[in-house]
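Reading the sequence shown from the start, the letters are residues 1101 to 1217 in this note's numbering.
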Amino acid sequence: MITCVKIHDLRKDPELARGTTVLVDRLWPRGVKKDSVRLDYWLKNVAPSPELRKWFNHDEEKFEEFSTRYRKELNASEEEDVDKLQKLVSDGDVTLVFAAKDRDINHAVVLKKWLEE
(Lines of atoms letter the chains of each structure in order from A and count residues from 1; the text may use other names and numbers.)
(Lines give C-alpha, C1' and ligand atoms only; values in the text may rest on other atoms or scores of the structure.)
Protein backbone atom coordinates (compact mmCIF):
# COMPACT_ATOMS: atom_id res chain seq x y z
CA MET A 1 0.00 0.00 0.00
CA ILE A 2 1.21 3.48 -0.88
CA THR A 3 0.00 6.55 1.00
CA CYS A 4 0.80 10.24 0.56
CA VAL A 5 1.22 12.46 3.63
CA LYS A 6 2.08 16.11 3.93
CA ILE A 7 5.22 16.53 6.05
CA HIS A 8 3.56 19.03 8.38
CA ASP A 9 0.77 16.51 9.10
CA LEU A 10 3.34 13.79 9.74
CA ARG A 11 5.15 16.00 12.25
CA LYS A 12 1.91 16.43 14.20
CA ASP A 13 0.84 12.79 13.94
CA PRO A 14 3.60 10.24 13.25
CA GLU A 15 0.95 7.50 13.22
CA LEU A 16 -0.06 8.67 9.73
CA ALA A 17 2.99 6.89 8.33
CA ARG A 18 2.62 3.31 7.15
CA GLY A 19 5.73 1.29 6.51
CA THR A 20 8.77 2.99 5.05
CA THR A 21 8.66 6.80 5.00
CA VAL A 22 10.19 8.52 1.97
CA LEU A 23 10.51 12.27 1.41
CA VAL A 24 9.98 12.74 -2.34
CA ASP A 25 10.78 16.46 -2.64
CA ARG A 26 13.95 17.70 -4.31
CA LEU A 27 14.42 20.43 -1.70
CA TRP A 28 14.18 20.08 2.07
CA PRO A 29 10.85 21.60 3.23
CA ARG A 30 11.07 25.15 4.57
CA GLY A 31 10.59 25.54 8.29
CA VAL A 32 11.06 21.85 9.04
CA LYS A 33 13.98 20.81 11.21
CA LYS A 34 15.54 17.58 10.01
CA ASP A 35 15.28 16.03 13.45
CA SER A 36 11.58 16.92 13.83
CA VAL A 37 10.25 14.13 11.63
CA ARG A 38 11.11 10.46 11.19
CA LEU A 39 12.04 9.64 7.62
CA ASP A 40 13.64 6.46 6.39
CA TYR A 41 14.77 7.93 3.06
CA TRP A 42 15.02 11.22 1.22
CA LEU A 43 14.95 10.35 -2.48
CA LYS A 44 15.45 13.75 -4.11
CA ASN A 45 15.76 12.46 -7.64
CA VAL A 46 12.24 11.01 -7.84
CA ALA A 47 10.92 14.58 -7.75
CA PRO A 48 10.13 16.40 -11.00
CA SER A 49 13.03 18.11 -12.74
CA PRO A 50 13.65 21.69 -11.62
CA GLU A 51 12.49 22.92 -15.04
CA LEU A 52 9.19 21.03 -14.82
CA ARG A 53 8.62 22.08 -11.22
CA LYS A 54 9.17 25.75 -12.11
CA TRP A 55 6.90 25.49 -15.16
CA PHE A 56 4.10 23.88 -13.13
CA ASN A 57 4.40 26.26 -10.17
CA HIS A 58 1.46 24.45 -8.49
CA ASP A 59 -0.96 25.94 -11.04
CA GLU A 60 -4.12 23.83 -10.91
CA GLU A 61 -4.86 24.56 -14.58
CA LYS A 62 -1.51 23.00 -15.57
CA PHE A 63 -1.88 19.88 -13.41
CA GLU A 64 -3.04 17.52 -16.17
CA GLU A 65 -0.18 18.52 -18.47
CA PHE A 66 2.23 18.45 -15.53
CA SER A 67 1.12 14.90 -14.73
CA THR A 68 1.78 13.80 -18.31
CA ARG A 69 5.22 15.43 -18.41
CA TYR A 70 6.21 14.10 -14.98
CA ARG A 71 5.18 10.56 -15.94
CA LYS A 72 7.37 10.85 -19.04
CA GLU A 73 10.28 11.88 -16.83
CA LEU A 74 9.67 8.92 -14.54
CA ASN A 75 9.38 6.47 -17.45
CA ALA A 76 12.64 7.71 -18.98
CA SER A 77 14.50 7.98 -15.68
CA GLU A 78 17.71 6.11 -15.06
CA GLU A 79 18.01 7.57 -11.55
CA GLU A 80 18.95 5.19 -8.75
CA ASP A 81 16.37 6.92 -6.54
CA VAL A 82 13.54 5.84 -8.86
CA ASP A 83 14.78 2.24 -8.82
CA LYS A 84 15.15 2.38 -5.03
CA LEU A 85 11.59 3.65 -4.58
CA GLN A 86 10.17 0.97 -6.87
CA LYS A 87 12.01 -1.68 -4.83
CA LEU A 88 10.71 -0.24 -1.55
CA VAL A 89 7.15 -0.34 -2.91
CA SER A 90 7.54 -3.95 -4.04
CA ASP A 91 8.87 -4.88 -0.58
CA GLY A 92 6.00 -3.43 1.48
CA ASP A 93 4.03 -0.39 2.59
CA VAL A 94 5.46 3.02 1.72
CA THR A 95 4.44 6.52 2.77
CA LEU A 96 5.37 9.24 0.28
CA VAL A 97 6.05 12.44 2.21
CA PHE A 98 5.76 15.83 0.49
CA ALA A 99 5.65 19.50 1.45
CA ALA A 100 3.31 20.99 -1.17
CA LYS A 101 0.48 23.10 0.24
CA ASP A 102 -2.19 21.37 -1.86
CA ARG A 103 -2.77 17.76 -0.80
CA ASP A 104 -4.42 16.81 -4.10
CA ILE A 105 -2.51 18.73 -6.74
CA ASN A 106 1.15 17.85 -6.31
CA HIS A 107 3.80 15.53 -7.67
CA ALA A 108 3.44 12.95 -4.88
CA VAL A 109 -0.10 12.19 -6.06
CA VAL A 110 1.18 11.60 -9.61
CA LEU A 111 4.10 9.54 -8.33
CA LYS A 112 1.78 7.35 -6.24
CA LYS A 113 -0.44 6.59 -9.26
CA TRP A 114 2.63 5.88 -11.41
CA LEU A 115 4.02 3.46 -8.83
CA GLU A 116 0.68 1.66 -8.55
CA GLU A 117 0.46 0.99 -12.30
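For every residue, glycine included, the Cβ atom is placed at its ideal position computed from N, Cα and C.
Report buried or exposed for residue i, applying the criterion of at least 16 other Cβ atoms within 10 angstroms of its Cβ.
i: His1207; result: buried
i: Asp1125; result: buried
i: Pro1150; result: exposed
i: Ala1147; result: buried
Leaving aside the five residues before and after residue i along the sequence, list all residues of the same chain whose C-beta is less than 7 Å from its C-beta, in chain order.
i: Trp1214; result: Arg1171, Leu1174
i: Val1137; result: Ile1107, Leu1110, Arg1111
i: Leu1116; result: Val1105, Asp1109, Leu1110
Looking at the structure shown, is residue i part of a helix, part of a strand, or coil, going by DSSP?
i: Trp1128; result: coil
i: Arg1107; result: One detail in the question is off: residue 1107 reads as Ile in this sequence, not Arg. Three-state result, Ile1107: helix.
i: Val1137; result: coil
i: Leu1143; result: coil
Alpha carbons only, please: which of the options is nearest the one belonging to residue i?
i: Lys1144; options: Asp1202, Val1132, Leu1127; result: Leu1127
i: Thr1168; options: Arg1118, Gly1119, Phe1156; result: Phe1156
i: Asp1113; options: Val1197, Glu1160, Lys1154, Ser1177; result: Val1197
i: Trp1142; options: Glu1217, Glu1178, Lys1133, Leu1123; result: Leu1123
Quick one: what's got a C-beta closer than 8 Å to residue i's C-beta in the same chain, skipping five residues either side?
i: Val1132; result: Ile1107, His1108, Arg1111, Ala1199
Considering only residues of the same chain and omitting the five flanking positions on each side of residue i, which have a CB-CB separation below 6 Å?
i: His1158; result: none
i: Val1051; result: Outside the shown range of the chain (1101 to 1217) lies residue 1051, about which nothing can therefore be said.
i: Asp1193; result: Met1101, Arg1118, Gly1119
i: Glu1160; result: Ile1205
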